[in-house]
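Asks:
2 protein chains.
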Amino acid sequence: MQQLRPSTIREILKVTAQPEVISFAGGLPAPELFPVEAVSRAAQAVLADGGSNALQYSESEGYGPLREWIATEMARRGVRASAQDVLVTTGSQQVLDLAGKAFLDPGDVVLTENPTYLAAIQAFQAMEARFVPVPTDAIGLVPEEIPALIAQHRPKFLYTIPNFQNPTGVTLPADRREKLARIAAEHGLTILEDDPYGQLRYRGSDVPPVKHWDTAGRVLYASTFSKIIAPGLRTGWVVAPHEVFLKLLMLKQASDLHTSSFDQRVAHVYLTSGDPMAHVAKIRAAYGERFGVMDAALREEMPKGFSWTHPEGGMFLWITGPKELDALALLEKAVQRKVAFVPGRDFFPGDAGRNYLRLNFSNSTPERIREGVHRLAALCRER
Amino acid sequence: MQQLRPSTIREILKVTAQPEVISFAGGLPAPELFPVEAVSRAAQAVLADGGSNALQYSESEGYGPLREWIATEMARRGVRASAQDVLVTTGSQQVLDLAGKAFLDPGDVVLTENPTYLAAIQAFQAMEARFVPVPTDAIGLVPEEIPALIAQHRPKFLYTIPNFQNPTGVTLPADRREKLARIAAEHGLTILEDDPYGQLRYRGSDVPPVKHWDTAGRVLYASTFSKIIAPGLRTGWVVAPHEVFLKLLMLKQASDLHTSSFDQRVAHVYLTSGDPMAHVAKIRAAYGERFGVMDAALREEMPKGFSWTHPEGGMFLWITGPKELDALALLEKAVQRKVAFVPGRDFFPGDAGRNYLRLNFSNSTPERIREGVHRLAALCRER
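Line by line, the protein sequences are chains A and B. Here the first sequence is numbered in the UniProt record's numbering, starting from 1 and rising by one per residue. Here the second sequence is numbered in the UniProt record's numbering, starting from 1 and rising by one per residue.
#1: In the structure shown, what three-state DSSP assignment does residue 133/A receive?
#2: Can you name, in chain order, every residue of its own chain whose Cβ lies under 7 Å from the Cβ of residue 54/A, other than the five neighbours on each side?
#3: For the alpha helix (DSSP H) that contains residue 372/A, what are its first and last residues?
#4: Quick one: list the residues of chain B neighbouring residue 231/A, beta-carbon separation under 7 Å, in chain order.
#5: Residue 221/A and residue 195/A look like a contact to me (Cβ under 8 Å); what is the Cβ gap, rounded to whole Å?
#6: Please find out if some non-hydrogen atom of the ligand MN comes closer than 7 Å to the beta-carbon of residue 32/A.
#7: Closer than 9 Å, Cβ to Cβ, to anything on chain A: give me those residues from the segment 34-58 of chain B, in chain order.
#8: Anything in chain B within Cβ reach of residue 31/A, meaning under 8 Å, just list it in chain order.
#9: How many angstroms separate the CA atom of residue 359/B from the CA atom of residue 27/B?
#10: Can you tell me where the beta strand (DSSP E) with residue 402/A in it begins and where it stops?
#11: Using beta-carbon positions only, say whether residue 139/A and residue 189/A come within less than 8 Å of one another.
#12: Using 8 Å as the threshold, is the C-beta distance between residue 114/B and residue 136/B below it?
#13: Grab me the residues of residue 279/A's own chain with a C-beta within less than 6 Å of its C-beta, minus the 5 sequence neighbours each way, in chain order.
#14: What are the partner residues of residue 318/B, as DSSP defines its beta bridges?
#15: According to a CB-to-CB cut-off of less than 7 Å, which residues of the segment 68-99 of chain A neighbour chain B?
#16: With distances taken between CB atoms, is the gap from residue 249/B to residue 58/B smaller than 8 Å?
#17: DSSP three-state call for residue 229/B: helix, strand or coil?
#18: Below 7 Å on C-beta distance, what does residue 126/B contact in chain A?
#19: Are residue 385/B and residue 191/B closer than 8 Å when you measure CB to CB?
#20: If you compare alpha carbons, which of 356/B, 270/B, 290/B and 295/B is closest to residue 38/B?
#21: Could you tell me which chain A residues have their CB closer than 7 Å to the CB of residue 28/B, listed as they occur along the chain?
#22: Which residue wins for smallest C-alpha separation from residue 332/A, given the options 323/A, 343/A and 324/A?
#23: Does the segment 288-303 of chain B touch the segment 73-93 of chain B, meaning 3 or more C-beta pairs lie closer than 8 Å?
#24: Taking Cβ-Cβ distances below 7 Å as the criterion, which residues of the segment 345-377 of chain A are in contact with chain B?
#25: If I'm right that residue 314/B touches residue 197/B with Cβ under 8 Å, what's the distance once you round it to whole angstroms?
#26: Thinking C-alpha only, which one of 243/A, 375/A, 169/A and 206/A is nearest residue 319/A?
#27: Could you check whether the Cβ of residue 234/A sits closer than 8 Å to any Cβ belonging to chain B?
#28: Name the residues in the segment 197-230 of chain B whose C-beta lies less than 7 Å from a C-beta of chain A; which are they?
#29: Rounded to the nearest angstrom, what separates residue 346/A and residue 154/B at their Cα positions?
#30: Please list, in chain order, the chain A residues whose beta carbon lies closer than 9 Å to that of residue 261/B.
#31: Thinking just about the alpha-carbon of each residue, which of 232/B, 254/B and 141/B is nearest to the one in residue 128/A?
#32: Taking 8 Å as the CB-CB limit, is residue 257/A close to chain B?
#33: Can you give the Cα-Cα distance for residue 16/B and residue 335/B, rounded to whole angstroms?
#34: Shortest alpha-carbon distance to residue 111/B belongs to which of 126/B, 366/B and 148/B?
#35: Around the C-beta of residue 5/A, are 16 or more other C-beta atoms found within 10 angstroms, so that it is buried, or is it exposed?
#36: What's the call for residue 328/B, buried or exposed, on a 16-neighbour Cβ count within 10 Å?
In structure tokens:
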């Protein structure tokens, strides 16, 4: 195993656990919006009715009725899949781990957005992968650049977060998704499409997943209940072409046998009682409001030289500061002023500037967002 | 990734799901002994009191109070450890995965008992490890054989299940454990001690873990709540020397971020309310009775040429048949007679005979054990 970089994010999360710190650092959903009572009712129902099954070992593939629910949900998202194509995982993070194990040997190349999700870098680094960033503009990956990268680097797969990307918040337009799928088919490229945030759209219209255009069976689609129910349940899934599915299944079994039988059944009862989508609409509305408040506060208070993305959903926006900005030094001062964010450097698998900040807006109330931006902007003006 | 062998056990489990099949195949605890009501009360308590924390992302290390409980439990088992040494994992299976990632590169050697736990073979095979079996007699690993194997193969670690081993049911005596720890210290050998069954002793006296004698910090100790609460919660742990702990922690984070916040808190409330150890005593008594019934039925009905182990705890016994026996062929006939077991072949990482059977006695009632042995023994007599 190679040296892994420690996760700056999680170290900061610990420092900022005190309530007086306004943290835009973590990637946490709003806990006050968790459907605690409905989950509690679901847990009681699961343990009242066939309770011992919910506590027993179960199939590595996942709980059958939950896989059925996911297959139906996939159709709603524009992807034809049967329950047999669905592997339930311990959060969608585990999909990254399993895909890394299935596809990567030491030295193998993964194509990624630039910047990309920190814990994906870590998962693939555990397999001693190398990263080749795909040129990325204001609306995401540039598909036309990919064939040359394939020829040069023979990547094992491309990792992408097309919706409300982490860390930038950017959404890849439909025409680029279709092109990605076509390039994958033509060049035999595997794509790992990670979609944790897609249901959190508060503006604009849904764009079908890359997997929607995947006629050649080259796309693995990963998603999670972390943002539409709660992350503590660690329940996600992957839809994969059959041969890849079988490999992932064997690796899943060796990794943790199966995902919590209890959590899977709680999720299933929750999803099939009441109106879970109405709850998601509530989350969406709250996050939309919070983004709006953060954006307005930034416009009002940030000095010249700073710009930021305007995501149509998700939990993050991405600030680009003046070239000479050292975001890590800024963070050190910010923590003293009781406000935190994540410096952007660690999200770049290759070399990159130090002048980026990732701000999370889902985990703070509008009042705290205003106050936090106020503290942060004051620091930026002092520079 | 190398070709993995599919798990015969899990494929058989699917075939034997019909209730008319008496299955000695799986490795399942007795579901009628799961503390369903107490777990249900714990789930309600967890969600009533600070419920949103139980559904939020949490630290990769594990839930603090649960780590404290485990540290205290480790002392009871004869191992000095602080909560900081405890990493909570998604079942103890995940410890095998993390240790494999931390220590193994393709081609590296793991020393194992012969036979050993099937899913450990799979976890280390995912890292493309090679297996070197340590000579094993009727009471387990022979420590004296290990120094020569270290010199010859430079193994990355030794994997062992000292209590009621899977698949044989054998328990390694204290003097051999002490020797193992001494050899590890003298030769710089890492030991991964897997102890899922240690609390299931129904005869004889507890033997301290190898970790008890680990003055040199060479032993990783893994255990689980699967057998003392319920496996569906997928909650286990590892106690590791600090440097190894940090590596495992980083790999844990990349694998699934953390183990279910909900399940960890449910386990903790369950363990700290009522008398969980009294419940374990009930499980122990039931398994002891079931072993006794199986042993008596085997003695009464099995033909000459078959012998079996007499475990003092755990869930399995191990039958050695006549040299010419083909246990896989026997299984095919047995399934037609509505009784199932696991052929022993797959538990041997190297070459071995085909004349072994693993029988599980924890998951069947005494009546079904008698009837199942009756069916199986009839087949064995017909050979």
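We put the CB at the ideal spot given by N, CA and C, even for glycine.
Replies: Result, derived from the coordinates:
#1: strand
#2: 46, 47, 261, 262 and 265
#3: 366-382
#4: 56 and 57
#5: 7 Å
#6: No copy of the ligand MN occurs in the structure displayed, which carries no ligand at all.
#7: 34, 35, 36, 37, 39, 40, 43, 44, 46, 47, 48, 51, 52, 53, 54, 55, 56, 57 and 58
#8: 52, 53, 55 and 56
#9: 9 Å
#10: An answer regarding residue 402/A cannot be provided, because it is not within the stretch 1 to 383 covered by chain A.
#11: no
#12: yes
#13: 35
#14: 358/B
#15: 90, 91, 93, 94 and 97
#16: no
#17: coil
#18: 101, 251 and 254
#19: Nothing about residue 385/B can be read from this structure; chain B reaches only from 1 to 383.
#20: 270/B
#21: 56 and 57
#22: 343/A
#23: no
#24: none
#25: 4 Å
#26: 169/A
#27: yes
#28: 230
#29: 36 Å
#30: 230, 231, 232, 233 and 234
#31: 254/B
#32: yes
#33: 8 Å
#34: 148/B
#35: In this prediction, residue 5/A has a pLDDT of 47, which is less than 50 and means its spatial position is unreliable; what the coordinates show is noted afterwards. Exposed.
#36: exposed
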